[in-house]
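Protein chains in written order, with the numbering used here: chain A, 1 to 118; chain B, 1001 to 1187. Yeah, the Cβ is synthetic: ideal placement off N, Cα and C, and Gly gets one too. No experiment lies behind these values; they were computed from the predicted model shown. Take a look at the structure below.
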Amino acid sequence: MNDIRIIDENFYQEIMAKSKLELPFSDFEDNVMSKIERNVSNKPIIYVKLSWIFFVVGSMCGIVVSLILPRLHGTFLGLLPNKLTMVFQIAFTLIFFFQIDILINLIRKYKLAAIKKT
Amino acid sequence: MEKIYIQKVLNGDTDAFRFIIKNYKDMAYSLAMSVVKDEFVAQEVLQTSFVRAFSSLDTFKGKSKFSTWLYRIVVNEAFKVLKKKENNVIIYGEPSFNTASEIDDFASKIEEDEQRYYINEALEKLSPKESLALRLFYLEENSIEEITEITGWSCSNIKVILHRARVNMRLILERSLKIDKKTFTYE
């Protein structure tokens, strides 16, 4: 029984060794590489655009929250609405300028990379 | 060797990925063909898989072999495409007998090219899972554990698929030989 199994295994090993196919498309490598290069060069543009979208959406949300906060009644975490608004606005302003700085650097980097490529 | 090229790609040398494509394209193509059974669809599968492998190369931690990681992407993509196309596959039943002597003569009777033709024809007729399991186990010499990692199937499932694949492969080869014996003589 074991002998039959060994013969069987050898048989399949032998025939399957001949089952490797060769890719019949000679331009395959070039096609994939050009696709990859296109993706690589398009990526920064997508990232910059996405960053701006999220920045604008985030800023608008921040403005809306800072307008709503003074109208609240009662306390939140032991803070009165006017103090809460002030804390929020300070945090919002800091984050806003911090993000603007990051975005400017991102654009600068992207432009430098584009110049290098050309 | 491939580790050097992977590192190069991760360091920004896009062109180093060409080595990886060159090295793995044929085996990846064989696996994709096992599943989709069409060379043009297999090419599409490969293109998508290599692009995906490139963009997620930083997620390869080197815990498994690079080939295992890459083939998992290829196999997943191939099954995804297959699901979309909803191909009907022929599933062969268990043969009632095994004429081992007839098959054992197989290697000696026909020429190398013809053997390749018959073997690949037989693999094409097998179900995607069966031909994939055979290629991974016998051609790529992956262990059952590695096949589990590549395909996501359980060990017992792989063993069942492999058993069925062996039986069906033998049956298809027997049939091909019988048909051709009427038309051609190899002696």
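Whole-Å CB distance - valine 65 (chain A) paired with phenylalanine 97 (chain A), under 8 angstroms assumed: For the purposes of this step, residue 65 (chain A) is identified with residue 65 of the first sequence, where counting begins at 1. For the purposes of this step, residue 97 (chain A) is identified with residue 97 of the first sequence, where counting begins at 1. About 17 angstroms; that fails the 8 angstroms criterion.
Neighbour-count burial assignment, asparagine 42 (chain A), 16 or more Cβ in a 10 Å radius: Position 42 of the first sequence, counted from the first residue, corresponds to residue 42 (chain A). By the neighbour-count rule (16 or more Cβ atoms within 10 Å), asparagine 42 (chain A) is not buried but exposed.
Runs of alpha helix (DSSP H) wholly within the region 2-55 of chain A (minimum 4 residues, chain order): 2-16
Supposed close pair serine 1055 (chain B), glutamate 1149 (chain B) - CB separation, criterion 8 angstroms: Counting from 1 along the second sequence, the entry for residue 1055 (chain B) is found at position 55. Counting from 1 along the second sequence, the entry for residue 1149 (chain B) is found at position 149. About 21 angstroms; that fails the 8 angstroms criterion.
Closer than 9 angstroms at the beta carbon, the chain A residues around lysine 983 (chain B): Only positions 1001 to 1187 of chain B appear in the structure, and residue 983 (chain B) is not among them; the question remains open.
Inter-residue spacing [alpha-carbon to alpha-carbon] between histidine 1163 (chain B) and phenylalanine 1137 (chain B): Counting from one through the second sequence, the residue named residue 1163 (chain B) turns up at place 163. Counting from one through the second sequence, the residue named residue 1137 (chain B) turns up at place 137. Each residue's Cα considered, the two are about 12 angstroms apart.
Cβ neighbour criterion (16 or more within 10 Å) applied to glutamate 1146 (chain B): Here residue 1146 (chain B) is taken as the residue at index 146 of the second sequence, counted from 1. Glutamate 1146 (chain B) should be labelled buried.
Inside the region 1135-1165 of chain B only - beta strand (DSSP E) runs reaching at least 3 residues: none
Any C-beta of chain B under 7 angstroms from that of lysine 18 (chain A): Taking the first residue of the first sequence as 1, we reach residue 18 (chain A) at position 18. Closer than 7 angstroms: yes.
Assumed close pair alanine 1016 (chain B), lysine 1003 (chain B) - CB separation to whole angstroms, cut-off 8 angstroms: Counted from its first residue, the second sequence places residue 1016 (chain B) at position 16. Counted from its first residue, the second sequence places residue 1003 (chain B) at position 3. Wrong, their Cβ atoms sit about 11 angstroms apart, outside the cutoff.
Leucine 80 (chain A), DSSP secondary structure in three states: Here residue 80 (chain A) corresponds to residue number 80 of the first sequence, with the count starting at 1. Three-state DSSP puts leucine 80 (chain A) in coil, outside helix and strand.
Continuous alpha helix (DSSP H) stretch holding lysine 1026 (chain B): start and end: One-based indexing of the second sequence puts residue 1026 (chain B) at position 26. Before going on, a small fix: residue 1026 (chain B) reads as aspartate here, not lysine. Aspartate 1026 (chain B) -> alpha helix (DSSP H) spans 1017-1036.
Three-state class that DSSP yields for serine 1096 (chain B) in the structure shown: For the purposes of this step, residue 1096 (chain B) is identified with residue 96 of the second sequence, where counting begins at 1. Here serine 1096 (chain B) scores only 41 on pLDDT, less than 50, and its place in the model is too uncertain to base an answer on.
First and last residue of the uninterrupted alpha helix (DSSP H) at serine 1049 (chain B): The residue labelled residue 1049 (chain B) in the question sits at position 49 within the second sequence. Here the alpha helix (DSSP H) through serine 1049 (chain B) covers 1039-1055.
Alpha-carbon to alpha-carbon, threonine 75 (chain A) and serine 1154 (chain B): Residue mapping note: residue 1154 (chain B) aligns to position 154 of the second sequence, counting from 1. Residue mapping note: residue 75 (chain A) aligns to position 75 of the first sequence, counting from 1. About 57 angstroms.
Whether leucine 1057 (chain B) touches alanine 1122 (chain B) by CB criterion (7 angstroms): Along the second sequence, one-based indexing puts residue 1057 (chain B) at 57. Along the second sequence, one-based indexing puts residue 1122 (chain B) at 122. In this structure, alanine 1122 (chain B) does not lie closer than 7 angstroms to leucine 1057 (chain B) by Cβ.
Arginine 1170 (chain B) to leucine 1126 (chain B) span [Cα, whole Å]: Indexing the second sequence from 1 puts residue 1170 (chain B) at position 170. Indexing the second sequence from 1 puts residue 1126 (chain B) at position 126. Approximately 11 angstroms, taken between the alpha carbons.
Neighbourhood of arginine 71 (chain A) by C-beta, 8 angstroms cutoff - its chain only, sequence neighbours within 5 removed: Taking the first residue of the first sequence as position 1, residue 71 (chain A) is located at position 71. Pro81.
DSSP-derived helix/strand/coil call for leucine 1126 (chain B): The residue labelled residue 1126 (chain B) in the question sits at position 126 within the second sequence. In this structure, leucine 1126 (chain B) counts as coil in the three-state DSSP scheme.
Cβ-based burial, glutamate 22 (chain A) [other Cβ within 10 Å; buried from 16]: The residue you call residue 22 (chain A) lines up with position 22 of the first sequence. It is exposed - the Cβ of glutamate 22 (chain A) has fewer than 16 other Cβ atoms within 10 Å.
Serine 963 (chain B) (DSSP reduced to helix, strand or coil): For residue 963 (chain B) there is no data in the structure shown, the boundaries of chain B being 1001 and 1187.
Any C-beta of chain C under 7 angstroms from that of methionine 1033 (chain B): Here the protein chains are A and B, and chain C is not one of them.
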